[in-house]
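> Here you go, one structure.
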Ligand SMILES: Nc1ncnc2c1ncn2[C@@H]1O[C@H](COP(=O)(O)OP(=O)(O)OP(=O)(O)O)[C@@H](O)[C@H]1O
Ligand SMILES: Nc1ncnc2c1ncn2[C@@H]1O[C@H](COP(=O)(O)OP(=O)(O)OP(=O)(O)O)[C@@H](O)[C@H]1O
Ligand SMILES: [Mg+2]
Ligand SMILES: [Mg+2]
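Protein chains in written order, with the numbering used here: chain A, 1 to 278; chain B, 1 to 325; chain C, 1 to 411; chain D, 1 to 293; chain E, 1 to 445.
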């Protein structure tokens, strides 16, 4: 664990020099709609380094769409998204990845035919350089690069405790493990922001606890900022630093878990009367 | 480039004007393409199978009709004094029923086991099927084309401004009627069942949809449509000598139609077929320029296809693949 | 479920192509086998030393190389193309233009070390040129766009007489000879008989060696490509394109690269095929060639390099083997003695009056002629094969291997 | 594109298709009885080791268990979808409404009144919401009945009503879950089996779904509820079963289970004292304890 | 190949079992001088004095586009040789034909050639022109004889026919014969001509002939679709049909495949075209006039054809004899003249082998030399006699075996293949006058 963090922090330091921006991510009043549907309707918020920021809201409120907007998979019609002070608008998704935004998906989106190792190595794609000719010839640079990155990936595999699955095609792995691999693939990108879309959905208590532990470790030890979308209030209210509540694409509350939890609108739109059940 | 077809003399116009001739030819080609395309689409729509054996199946159907109507003379032999067209229609109906059964059989034996495999693994199976059927059928057909034995012979409507063979008139009518009926059929409960099945067999079965039935029906329809197409291909004036060893390849010409219309859209199949037919006929009438060389009209459908896909990557009516995370 | 743990002290060794001793040994043995084949000294397979079989093996290499290209595009990047034959044609005619001796048709008479790479490069360039269109459309639609390419290509080839010799006529292609420049006698000549290092070799044997070497080189390139950054990018696009983009893979860019690489292989394959056959007519770069290549890839097991070569062996040799078997049977039946003959006679007809699905008298007796029957059998074998092993030959190989080590695959 | 080899649906030449359905009426109120069921995948992986369970015609029964316990497999056995996954029932019997359905065709079972909400939604992504529901109503030929069912679903899930003509694939995760439930309701079944219906649903909606289940049950549909969210399940169930690696390790009246210490700790995540513990505490200690099974 | 060399000959007469023959590529560098039927016979490949067999290879299209036709031709070979062998073969040596399938595909053709060249003494036929050209260099390198199974005029051109034997009237001169005949018959009724053709030697050789004929006869070419037909491409067929109809030519001369011909014919008919039709022989198929064929009367009324070889029921000794043999062999389903093509090829090969035997050199090279020295191969009306000595102009075959028109009744009655013979062994004046120095259309490269 310690090994990962130290190395990773060092790599990050090398890549992105000293900090000269006020917010890591600054979402400014974005509007996104699909024929008819207003998926995101004027949402603004900021996320700072190392923060664990949660987004909750009813189904179809626009949480995933918000992620997709930040990734530029969807292109909001209005508003702006600043990453370290620079706008992300109009970039291609793969560029946002290079800039340091990593992501896991609501419905697992791993590469089922590839092994755990390969999946996580693809995460390293943005951090590698060698082209196809060098690769095909397996010459010096490409080769050494492959090996270096293999080491990095191994350290992530250790961290997530999935050594035993290393060489299995992920398609064959249990749901819970796949969720972990997905986290691993995201971490492999050396991100500064990690967006988790319902990381514990469909997990039993034990797996939820494991996942929670990894999330917290990522935050504390790797100092990666996290945006968490999750319907498990037990988890969110427990580990989030700040919470944003969406409803029908609109922002109905932001603040500390406790405040949000108490907010009548939130209860009405989302939590429902009997909170303790969650 | 070698000099292509050039009309050297002043034009001696016979039979109708160039334009109407072109239109008739286009419609008659187009409806055949439509029949082939729709059959192909139905099978794809319901079973996710790209049926490369479609042409071979068509040839088989054509041969069956030929043998019923001429060689075996069924049911003609039992109704000696019925009018020619009655016994011919009889033969056709019998052949169609037989082909429906054969279609089901093929699906059951060769494709059912492949359910759920990779699209293209299945495609290769149908390719194997094509090789098998084509060789067997061609051996039956033999070196001599087999005429359809239809009662229309060379009869022609001469309306002055256009001459159209009875066979072509019939063909256009029948084809449009058939594909129309099919299109309606697909609005039905069965239609949805087919789409559901194609998308997710397990989920479909969970809804009580009998996937096996869906597959059988779609293959039956596919085979029948292919046969109808084969009949009209193998008649005067297109192939007056009848179904021969080349008939099986005709189906390839329907591919651009399928794509232009959209792989999984029946309406698309129809529209695509007509577009391609007309385009081809128009091209061969108006684009016989020397510098274009030989066979330019033949690739016009493909050029059209490329154009359409540039504007609409899923054809005119195709449903687009869901891309979401 | 767990695989037997393999201990590696260094990741490098784990990542090496031949990461186990057994693999290394097998490879060595295999190479020795390849070298010995034409000498006809290996008992059991000495018949392979016949010119005809050597030619078939050479074809295996050629189709294998072309198929490796499609395997990159379809197997790795998941983009199905029916246009491979077109790019093979482009390669072939590039080779002809540059390599063929000046004559009635375009030809500059340049040596192989120019025309062969050029064949690949020109094909690749065209591949990348059509790429942008191809990148827009997905799945089957792509398959058919590329099909269109084949037909348009055939049209161009048919009409570009000065280069292709014209429809139904065709032209000759540069032979497999190595010249430094345009000198009279080639430095090395891979087509005519003669001794090499004192060993008397037929031209077929030399061609075989040359092509085998090419095949091996391209196999290695493919394997490396597959296990490195770009190869993984391809696979990620294949498995989940949207996710791949979000994970930093530039979809459009890598699809283009895939197209380029695949077309390059195709170009080389086409050039070698044309040169090997000596004369091709424009109609031959058609859908059926493409389909044959796809069959090779899928039968071998999409995305698997070694599988592709196996697929090539299967598709090229099977018809010949089927043929030998049926002829053997027919012979026995005509002899008409023994139980085999008796049973066989039920299937094989030997005259007009005799019944049977297959007949020994072409076009006369009822039933299929033996060549037709072979075609049918070939089709059936492909079907049955895919029904029972949808993952292709590689699937069988996995079975065998998993039988030895408890790999998770249990389909 | 089609499903990959990983989902290989090895549905060989219609494995079990015959076995005529006996038509005798059933007297007692046992809707579903599963007896000593054993299921094997690919002839090797023994996943269900002789489980038995019962659902009475007016009951809500909860089936709980860790991942990989065999809950979904049980459901597949009951609804007849094992063959697709190359699974076989090697032992035991499944009776529904007094008749043996162990081997009959899934579509027949649906016709008999068994509906399911499949794990992982499995909606028809390319069809729009309405067509998904129509597909759900396949067995139900009576037009007006279908219309009523449709209206009822729309009433239950207003969100779906808003998105009626949207392509299902573009719905949000939760919306898709609603659609999956709605689709099952279109068959107005005698027995409804839900596999993790609360997955990905917002708390408020979880409560709604819970109420819906209760409502459906009131209207006379027996319910078998497979859940990770044990507290939710047990809060409405009459009876509960708990599975571990293919065995029933515990079953009883819901109230009783709710009070059980182990259940509290492992499924409700409560301290023996009863209040929830923070993830920050469980962090870094991992439990490997299991029921002896 | 290992021992295809022209002057290599082996002691042990080689078994045709290739396995052996290949594993022993090096043994085999002395001439054998076994006492054959007549004095000393030198042999290398394909003649086995021990077993007493001569093996002749056939590169036949048995599964491709022309399979059904070629199968019949192969049968012709087999029946012919059966009879020869029955009568003592060639000096006691039995002749065995070995047909292999080329699928009408050049690569396969080459592959098959490679397989056979070490088993056979010569090739009884080689199907297809580009295919034959594809192996021509090899033939010359290996010094093996082959009879092309096409009627390309180039086979009579010594620029390329060093190892090939032509037979029958070439497409080019065929056009002259039939068009000349029609002119004589129709007189002023024939002023204008429309010409359309397939690409390749077949279409273009015939096309050139038609153009030359038109010049010679002063016909106006009102439509010309040079290599405008692609049977696989419906559009080209419509295009040509339209062209013919609009040209309103008195004679439509269309050289293509039967399928394409019937389509063009039908389409033109539907548009009311009423001219006369003809084309190179292979454009016709008896099915056109089958009892159920809708066009049988139209075809019978308006088409005329020339034949390369004798027609079923024609009363020339050659045909009569062949017909007898075929019917006796019990291998004839329906009467088809194509069997005679097999006979013609076989008889020419027979002559060559006899000559080689007489020369005492039955090596591949010996047979080739013998064949090229044949002054007259008499076919007694099974086809016009052939000669292989002298300049192109002397060698080339000018005579059509027959000029004929389709006859549905005769076909229906089954007594003939439905061919009403109008002339036999026919050479038109313009053909006679034509100076043949090189292929009408050159198939180079
Ligand atoms: N690509 C798209 N096309 C059309 N509509 C879309 C698309 N993506 C999302 N939507 C719609 O936008 C709305 C927001 O969807 P989104 O996935 O962001 O919801 P969500 O907050 O993630 O819900 P959940 O918690 O259920 O995942 C939904 O109504 C959905 O149907
Ligand atoms: N198709 C299959 N082939 C082989 N093994 C399988 C297959 N499907 C499931 N299994 C195994 O059977 C066991 C039970 O799976 P099942 O899906 O029934 O568990 P579950 O209780 O539904 O888990 P979850 O709560 O994650 O849904 C698991 O160990 C799983 O690995
Ligand atoms: Mg979401
Ligand atoms: Mg489950």
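Even glycine gets a Cβ: it sits at the ideal position worked out from N, Cα and C.
These figures come from a predicted structure and were not determined experimentally.
Where residue 26/D and residue 224/B are concerned, what is the direct C-alpha to C-alpha distance, given to the nearest angstrom?
Because the pLDDT at residue 26/D is just 43, under 50, the model does not fix this residue reliably, and the value given afterwards should be weighed accordingly. Straight-line Cα distance between these residues: approximately 45 Å.
> Residues of chain B with CB under 7 Å from residue 105/A, in chain order?
325
> Determine the DSSP secondary structure at residue 248/E, reduced to helix, strand or coil.
coil
> Examine the Cβ distances between the stretch 289–303 of chain B and the stretch 21–38 of chain C and report whether three or more of them are shorter than 8 Å.
Contact between the stretch 289–303 of chain B and the stretch 21–38 of chain C is absent: fewer than three C-beta pairs spanning the two stretches fall below 8 Å.
> For the stretch 301–317 of chain B, which residues have a beta carbon sitting closer than 9 Å to at least one beta carbon of chain C?
301, 302, 303, 305, 306, 309, 310, 313, 314 and 315
> Exposed or buried, which one is residue 286/B when buried takes at least 16 other CB atoms within 10 Å?
Its Cβ having fewer than 16 others within 10 Å, residue 286/B is exposed.
> Apply the 10 Å Cβ neighbour rule to residue 26/A and answer buried if 16 or more other Cβ atoms are within range, or exposed otherwise.
buried
> For the beta strand (DSSP E) that contains residue 85/E, what are its first and last residues?
First-last for residue 85/E: 67–86, but that is the alpha helix (DSSP H), not the beta strand (DSSP E).
> Closer than 8 Å, Cβ to Cβ, to anything on chain D: give me those residues from the stretch 234–255 of chain A, in chain order.
234, 235, 238 and 239
> Quick check: does the Cβ of residue 107/A come within less than 6 Å of any heavy atom belonging to ligand 5?
Inclusion of ligand 5 in the displayed structure is not the case, the ligand content consisting of ligand 1, ligand 2, ligand 3 and ligand 4 alone.
> How many Å lie between residue 168/B and residue 427/E at the Cα?
Taking the straight line from one Cα to the other gives about 43 Å.
> Which residues of chain B have a Cβ atom closer than 8 Å to the Cβ of residue 266/E, listed in chain order?
236, 237, 238, 239 and 240
> Does any heavy atom of ligand 1 sit closer than 6 Å to the C-beta of residue 59/A?
A heavy atom of ligand 1 is found nearer than 6 Å to the CB of residue 59/A.
> Quick one: what's residue 195/C bridged to in DSSP?
In DSSP, residue 195/C forms a bridge with 200/C.
> Show which residues of chain C have a CB atom less than 9 Å away from the CB atom of residue 294/B.
155, 158, 159 and 167
> Is there at least one non-hydrogen atom of ligand 1 closer than 6 Å to the beta-carbon of residue 296/D?
There is simply no residue 296/D to check, as chain D begins at 1 and stops at 293 in what is shown.
> Roughly how many whole angstroms lie between the Cα atoms of residue 45/A and residue 70/C?
Distance between the alpha carbons of residue 45/A and residue 70/C: 48 Å.
> At a CB distance below 7 Å, what residues from the stretch 128–143 of chain B approach chain E? Give them in sequence order.
142 and 143
> So is residue 155/B in contact with chain E if we call contact Cβ pairs under 7 Å?
It does not: the Cβ of residue 155/B has no partner Cβ on chain E nearer than 7 Å.
> If you drop the 5 nearest sequence neighbours on each side, which residues of the same chain put their C-beta closer than 6 Å to that of residue 49/D?
246 and 247
> Could you tell me which whole beta strand (DSSP E) segments of length 3 or greater appear in the stretch 88–171 of chain A?
101–103
> Helix, strand or coil, according to DSSP, for residue 174/E in the structure here?
helix
> Look at the alpha carbon of residue 318/B and the alpha carbon of residue 311/B, and state the distance between them as a whole number of angstroms.
13 Å
> Is it true that the CB of residue 113/D sits closer than 7 Å to the CB of residue 59/A?
no
> Going residue by residue through the stretch 132–196 of chain D, where are the continuous beta strand (DSSP E) segments of at least 3 residues, counting only ones entirely within it?
191–195
> Using a Cβ-Cβ cutoff of less than 6 Å, which residues in the same chain neighbour residue 22/D once the five nearest sequence positions on both sides are dropped?
Because the pLDDT of residue 22/D is 35, which lies under 50, any placement of that residue in the model is unreliable, and the number read from its coordinates should be weighed accordingly. Hits under 6 Å: 99.
> Please classify residue 274/E: is it buried, with 16 or more other beta-carbons within 10 angstroms of its beta-carbon, or exposed?
exposed
> In chain order, what residues of the stretch 79–111 of chain A put their CB closer than 9 Å to some CB of chain B?
Going along the stretch 79–111 of chain A in chain order, one finds 103, 105, 106, 107 and 109 with a Cβ nearer than 9 Å to chain B.
> Is it a yes or a no for the stretch 230–245 of chain D touching the stretch 93–101 of chain A, going by three-plus beta-carbon pairs under 8 Å?
no
> Since residue 116/D is in the alpha helix (DSSP H), which residue starts that stretch and which ends it?
In the DSSP assignment, residue 116/D falls outside any alpha helix (DSSP H) and within the unbroken beta strand (DSSP E) covering 114–117.
> Grab me the residues of residue 101/B's own chain with a C-beta within less than 6 Å of its C-beta, minus the 5 sequence neighbours each way, in chain order.
none
> Is residue 324/E close to chain G? Criterion is C-beta to C-beta, closer than 7 Å.
The displayed structure is made up of protein chains A, B, C, D and E, and chain G is not among them.
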